[in-house]
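Protein chains: 2
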Amino acid sequence: MAGLRAIVCFSGGMDSTTLLYEALAQNYTVETLTFDYNQRHRIELESVQIIAARLGLPHKILKIDLTQIGGSALTDLKIEVPVQAEQGQEITVVPLRNTLFCTLAAAYGETQAIDEIFYGPVKEDFEVYRDCRRPFFDSLEESLSLGSSYERAVKIHTPWADKTKAEVLRRGFELGVPYNLTHTCYLGMRPACGKCGSCRARLAAFAEIGLRDPLPYQTMVADRD
Amino acid sequence: MAGLRAIVCFSGGMDSTTLLYEALAQNYTVETLTFDYNQRHRIELESVQIIAARLGLPHKILKIDLTQIGGSALTDLKIEVPVQAEQGQEITVVPLRNTLFCTLAAAYGETQAIDEIFYGPVKEDFEVYRDCRRPFFDSLEESLSLGSSYERAVKIHTPWADKTKAEVLRRGFELGVPYNLTHTCYLGMRPACGKCGSCRARLAAFAEIGLRDPLPYQTMVADRD
């Protein structure tokens, strides 16, 4: 029997692809929603289309050009993406990105009568991105419910918020997630650069659970298996 | 002495133009921010540019195409704008528009180190638009503060939230607001249609304070002075 309808915010990366498989495993009737925010790594939009098509799921791409706001290496080509382990990732923060994306998901959901949203921050994201914390999502759920055109309870599911990337990956292998089809590299490289913060976090998670990342990389990376 | 910096969300309409003059009267150092959401009445963007230039204020136009979400007569040309007094205005609701706009203002503010936002809903807006109520803005202030990249207290000033359109207008005349330069008509007509909900509310406010609206209209309207 078909379950509740849900919108899964889906970037094509390893965390949100696992999220998508998790929502399906929980028997939600899923639509995927992806944001084309003119991100440097727009190549991830290809992964989205391939994975959604493989699962036969409706998918919608919403364009919102965040280069207009700037302030982040992910949306401003003049700011370099940090590729050294000792560099902080603060410069990759896109101001209020999760707030914007969850709000757009809830707005789109309003037109489709869908109140359930899945969003994929993981435990490690907290360190750099304040809008990945559960108290933030609790507050946003309230704002979105109060702000909608009719009385509704918007629910933002963040099953990975208290899980490490390695734990998410372990769950993903149980669920049969095709990690070879996902995209992670902040530089948008394919093969992936293996050096940016995003690639390094991915490789570290695979190393932690002792499995090989099926994705091709530019160079062999020290901490890779 | 220059006051605190603030972003005024400015549509070129009568309420937000009065809001802009109010923020200046309160000695804020103002930047105006306008949303080009592919609204049917995009002609209001001309008013914005004329008024901001006249005041010598920095102004930024952010594009976010809400026709992608749809669900409203203001963003879906297939849905007609109601022009009969007995018709409800519910169909002009753009899902979570204020949430999106305040979030974009706060995100842009984050890159400019501005935490004060002025937003212009009036008392009558409550009836149709749930995201014009102060409890909603209180909740959103909390969400935006929790979600920003660094600790900050985002403040959304809504000085008109407990004032009727007529009261706002009365204040605007004290402040010398050039109402002849503002735009109101939902149909985007110039001269204004005088029939849509937005025109009718404007004309009713002028009638209530016994002043003539300096804007040209297509036809003489019954309740116009």
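Chains A and B, in that order, give the protein sequences.
Going letter by letter, the first sequence gives residues 1 to 225 in the working numbering.
Going letter by letter, the second sequence gives residues 1001 to 1225 in the working numbering.
Ideal placement from N, C-alpha and C gives every residue a C-beta, glycine not left out.
In this text, all values refer to a predicted model and were calculated from it rather than measured experimentally.
Beta carbon proximity, residue i to chain A, threshold 8 angstroms
i          : result
B/Pro-1121 : no
B/Thr-1184 : no
B/Leu-1077 : no
Chain A contact residues for residue i, given Cβ-Cβ distances below 8 angstroms
i          : result
B/Phe-1136 : Ser-143, Leu-146 and Gly-147
B/Leu-1100 : Leu-100, Thr-103, Leu-104 and Ala-107
B/Thr-1198 : With the sequence shown as reference, residue 1198 of chain B is identified as Ser, and Thr is not the correct amino acid for it. None at all; the shortest Cβ gap to chain A is about 17 angstroms.
Under 9 angstroms from the C-beta of residue i: neighbouring residues of chain A
i          : result
B/Glu-1046 : What B/Glu-1046 touches in chain A: nothing, since even the nearest Cβ is about 20 angstroms away.
Bridge partner(s) assigned by DSSP for residue i
i          : result
B/Lys-1060 : B/Leu-1033
A/Ala-192  : A/Tyr-217
A/Lys-155  : A/Glu-116
Proximal chain A residues relative to residue i, where beta-carbon distance stays under 7 angstroms
i          : result
B/Gly-1070 : Thr-111
Range of the contiguous beta strand (DSSP E) that encloses residue i
i          : result
B/Ile-1007 : 1005 to 1009
B/Ile-1114 : Run containing B/Ile-1114: none; DSSP gives neither H nor E here.
Residue i at chain B interface by Cβ criterion, 8 angstroms
i         : result
A/Val-8   : no
A/Leu-33  : no
A/Leu-55  : no
A/Val-93  : yes
A/Leu-140 : yes
7 angstroms Cβ cut-off: residues of chain B touching residue i
i         : result
A/Lys-195 : Those within 7 angstroms of A/Lys-195 in chain B number zero; the least Cβ separation is about 23 angstroms.
A/Asp-65  : Lys-1063
Start-to-end residues for the alpha helix (DSSP H) that takes in residue i
i          : result
B/Ile-1209 : 1197 to 1209
B/Glu-1141 : 1134 to 1147
A/Ala-52   : 44 to 55
A/Leu-187  : That residue, A/Leu-187, is in no alpha helix (DSSP H); it is neither H nor E in DSSP.
A/Asp-15   : 14 to 25
A/Lys-165  : 165 to 175
Neighbour list for residue i in chain B, Cβ cutoff strictly below 9 angstroms
i         : result
A/Leu-96  : Thr-1103, Leu-1104, Ala-1106, Ala-1107, Glu-1110, Leu-1144, Gly-1147, Ser-1148 and Ser-1149
A/Arg-130 : Leu-1146, Gly-1147, Ser-1148, Ser-1149, Tyr-1150 and Glu-1151
For this session: Count the C-beta pairs between the region 34 to 43 of chain A and the region 113 to 126 of chain A that are closer than 8 angstroms, then say yes if the count reaches three, no if not.
Result: Taking a contact to require three or more Cβ pairs closer than 8 angstroms, the region 34 to 43 of chain A and the region 113 to 126 of chain A do not qualify as touching.
Exercise. Any residues in the region 11 to 42 of chain A with a beta carbon nearer than 7 angstroms to a beta carbon of chain C? Which ones, in chain order?
Worked result: Included in the structure are the protein chains A and B, with no chain C among them.
Problem set entry | Contact between the region 1091 to 1106 of chain B and the region 103 to 110 of chain A (3+ Cβ pairs under 8 angstroms) | A contact is defined here as three or more CB-CB pairs under 8 angstroms, and the region 1091 to 1106 of chain B meets this definition with respect to the region 103 to 110 of chain A.
For this session: Determine contact between the region 201 to 220 of chain A and the region 1148 to 1160 of chain B, defined as no fewer than three beta-carbon pairs at a distance below 8 angstroms.
Result: Contact fails: fewer than three Cβ-Cβ distances are below 8 angstroms.
For this session: Take every Cβ of the region 194 to 209 of chain A, pair it with every Cβ of the region 162 to 172 of chain A, and state whether three or more of those distances are shorter than 8 angstroms.
Result: The count of Cβ pairs closer than 8 angstroms, one atom from the region 194 to 209 of chain A and one from the region 162 to 172 of chain A, reaches three, so the stretches are in contact.
Exercise. So does the region 123 to 139 of chain A actually touch the region 1141 to 1149 of chain B, counting three or more Cβ pairs closer than 8 angstroms?
Worked result: Because the criterion of three Cβ pairs below 8 angstroms is met, the region 123 to 139 of chain A and the region 1141 to 1149 of chain B touch.
For this session: Evaluate contact between the region 1061 to 1069 of chain B and the region 1016 to 1028 of chain B, counting only Cβ atoms and requiring at least three cross-stretch pairs below 8 angstroms.
Result: The region 1061 to 1069 of chain B, when compared against the region 1016 to 1028 of chain B, does not touch it at the 8 angstroms Cβ threshold.
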